Amino acid sequence: NKSKEKSDSFTLTPEAIALEKNFELNKGKLPWPVSRGVVIQKFGTQPHPVVKTAKIKSNGIVIATETSAKVKTVFKGKVLSVLSFKGSNPTILIQHGNYITAYKNLYKVYVDKGDDLQSGEVIGEVFTNSSTGESSIQFSIFKRTTALNPLSWILKM
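Each residue of the sequence shown is one higher than the one before, counting from 1221 in the numbering used here.
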């Protein structure tokens, strides 16, 4: 069904098609979105951290890091959106052809929709929970609308 195909795909320029191919070639080689950190929640279905009989599905990974850690793009691209909802911290979506990287749980945002970014460019700072002292970022990668395991894409730390 051709109309279905178009709805979950972007119309790409030749430059965006090349960018997407370069993104794919860097699978397993992308840098982490923070300089230091440890994965505290993995991708996929797993036991709920509190309610042991329940399961949760994670579309990304959660990385614990240091207070005020700078968040960096893992690959060059364009800011698709900066999302901010009442009661939650900002999320930045960056487009790399038909791939999207999502950086969630930010305190400060340094970019705007439409900005062209280079790999490693600082896009914001991680939020620190004042009651727990925990600083963490949720990082996700999507191809069109399908969530992919970020641990398959970023370098092993």
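Built from N, CA and C at the ideal position, the CB exists for glycine as well. Nothing here was measured: the structure is a model prediction, and the numbers come from that model.
Environment of residue 1266 [buried if 16+ CB atoms lie within 10 Å] | It counts as exposed.
Can you give me the Cβ contacts of residue 1341 inside the same chain, cut-off strictly under 6 angstroms, excluding the 5 residues immediately before and after it?
-> In the same chain as residue 1341, and ignoring 5 residues on each side of it, the C-beta atoms closer than 6 angstroms to its own belong to 1293, in chain order.
In the structure shown, what three-state DSSP assignment does residue 1345 receive?
-> In this structure, residue 1345 counts as strand in the three-state DSSP scheme.
What three-state label does DSSP hand residue 1361 in the structure shown?
-> Note: residue 1361 maps to strand in three-state DSSP.
4 or more residues per run - each alpha helix (DSSP H) lying fully within the stretch 1232 to 1273 | If you keep only unbroken alpha helix (DSSP H) runs of at least 4 residues inside the stretch 1232 to 1273, you get 1234 to 1245.
If you run the structure through DSSP and keep just helix, strand and coil, what is residue 1371?
-> Correct three-state label for residue 1371: helix.
For residue 1286 and residue 1317, the rounded distance between their alpha carbons | It is roughly 31 angstroms from the alpha-carbon of residue 1317 to the alpha-carbon of residue 1286.
Rounded separation between residue 1227 and residue 1264 - CA only = Only weak support is given to the placement of residue 1227: the predicted model assigns it a pLDDT of 49, under 50, and the question is left unresolved by the model.
Could you please give the first and the last residue of the uninterrupted beta strand (DSSP E) stretch that includes residue 1284?
-> Here the beta strand (DSSP E) through residue 1284 covers 1281 to 1285.
Please name the residue or residues paired with residue 1322 in a DSSP beta bridge.
-> BP columns for residue 1322 point to 1313 and 1360.
Cβ neighbour criterion (16 or more within 10 Å) applied to residue 1270 = It is exposed - the Cβ of residue 1270 has fewer than 16 other Cβ atoms within 10 Å.
Can you grab the Cα-Cα spacing for the pair residue 1364 / residue 1321, in whole Å?
-> About 11 angstroms.
Considering only residues of the same chain and omitting the five flanking positions on each side of residue 1224, which have a CB-CB separation below 8 angstroms?
-> With a pLDDT of 42 at residue 1224, under the threshold of 50, the modelled position of this residue cannot be trusted, and the question is left open.
May I ask you to report which of helix, strand or coil DSSP gives residue 1224?
-> In this prediction, residue 1224 scores a pLDDT of 42, lower than 50, which makes its location untrustworthy; no coordinate-derived value is stated.
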